[in-house]
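Asker: Everything in the sequence shown is counted per UniProt numbering, starting at 1 for the first residue and increasing by one.
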Amino acid sequence: MKKLFLLILGLGIGIGIMSCSSEVTDEIIQSDEQVLAIQAVSSSMLLSYNEGTVEEMANVMNPTDFSEDDINDLDSYVEMIETFLGNDQLEVETTQSDNEDYEYMIVYTTLGISQEAMEFKLYYNVYTIDEPITDEPTTEDSVTDEPTTVAPATEPLAFNPDRQPSMRFEDEDDEFVEELIQGIMIIGDITYEVEGKILNVNGKEISRIRSFIDEENFVLVNYQIDDTEVDKEKFFYQMVKDGQVVSRSKVMIFENDHMQHVQLEMIEGDEYARYQFHLRENSGVTYIHINYRIETNDEVSEGNIRLTKSIDPETNEVIYAYQVTPNRGQGQGGQFNKRHHHRSYMQENHQTTIL
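#1: If distances are taken between C-alpha atoms only, which option among Phe254, His261, Phe218 and Met118 comes closest to glycine 243?
#2: Quick check on the burial criterion: 16 or more other C-beta atoms within 10 angstroms. Buried or exposed for isoleucine 253?
#3: CA-CA distance, isoleucine 187 and asparagine 202?
#4: Going by other Cβ atoms of all chains shown within 10 Å of its Cβ, with 16 needed for buried, is asparagine 297 buried or exposed?
#5: Flag this pair as yes or no: are the beta carbons of phenylalanine 212 and valine 221 separated by less than 8 Å?
#6: Work out the CA separation of glutamate 271 and valine 245 for me, nearest whole Å.
#7: Just to confirm the assignment, what range does the beta strand (DSSP E) spanning arginine 168 have?
#8: For asparagine 125, count neighbouring Cβ atoms within 10 angstroms of its own Cβ and tell me buried if that reaches 16, exposed if not.
#9: Compute the Euclidean distance between the alpha carbons of valine 251 and isoleucine 267, then round it to the nearest angstrom.
#10: Would you identify the three-state DSSP class for serine 97, choosing helix, strand or coil?
#11: Quick check: what's the CA-CA separation for threonine 83 versus serine 43?
#12: Can you have a look at glutamine 182 and say buried or exposed, based on whether 16 or more other CB atoms are within 10 angstroms of its CB?
#13: Drop a sphere of 10 angstroms on the beta-carbon of methionine 259, count the other beta-carbons inside from all chains shown, and report buried for 16 or more, exposed for fewer.
#14: Under three-state DSSP, which class holds glutamate 179?
#15: Using only the alpha-carbon positions, how far apart do valine 194 and serine 301 sit?
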């Protein structure tokens, strides 16, 4: 369950970026720095926790098996996702680097599951590629289940914009790389290496980031915009452990008819999970409707999740009211209330309804 919800954490970051813009625009994520930060933070978070399965999540979403512990876990992650929804609850800062080895620094600051302050620091350099890196032909889908072919390990490079660095990872479409990103992501006391590529394939830009421990253990994230119908921003995740792909997921974000839509899909072996978030704001209230479908062990669980968030005027506590409604024949569902201490930055009378 936890690994799946860390994927949703990446989704939550995307939702947070959507909420930071008060105007409706063609692209929800407004800058290259935001895209880079979302990719690096979410991939590093996934890399830091590799336990849990789709099957465990299916057990939690089965209303007949719901327990108080399950709700506590679900509640913690939902609260973190909701943290990213508010304009004043997620701080993103791009500034001059305080690390002499890197030219740029992006800092994400927010609250964690236990209300502790969380800070993510991304240090990186950007290099322009003057020549194609490889003459290998590209394919339409460069993501495979085979272990990634890698170049020999190299030491981190001191920044020199005129120097073309070597790469730790090689891909079949490297001939389309226009820029190379090298850096580190710091989460608390843990530091992960980060390598990124900006590709131009037939006029379309693709941003690719890997957070990695080594060449056999990493999380890869591809970002691209699909403008064939409605402008859709897509993040494709791939987790590799000991050289083998262990899970894939896709986050798709788009806006249509003044509503924001987010879809998360995850594949792990023969197991599959899909969550659809539909967001709408009206008079200061955010409405979210969540549909889920989980396929595991030849069983299918699907239904809706409805949450209402409000603040108790007497105790100043935040109240989450949960209602899980499975489809007919899949259980009776359940309702649960959870209380949290009020956070100072939250508006006293703000209410969020997740429908």
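We put the beta carbon where it would ideally sit given N, CA and C, even for glycine.
Answerer: The relevant details are as follows:
#1: Phe218
#2: buried
#3: 36 Å
#4: exposed
#5: no
#6: 14 Å
#7: Looking at the DSSP string, arginine 168 is not in any beta strand (DSSP E), and its letter there is neither H nor E.
#8: buried
#9: 12 Å
#10: coil
#11: Low confidence applies here, because threonine 83 scores a pLDDT of 45, under 50, leaving its location unreliable; read the following figure in that light. Near 19 Å, if we compare the C-alpha coordinates of serine 43 and threonine 83.
#12: buried
#13: exposed
#14: strand
#15: 37 Å
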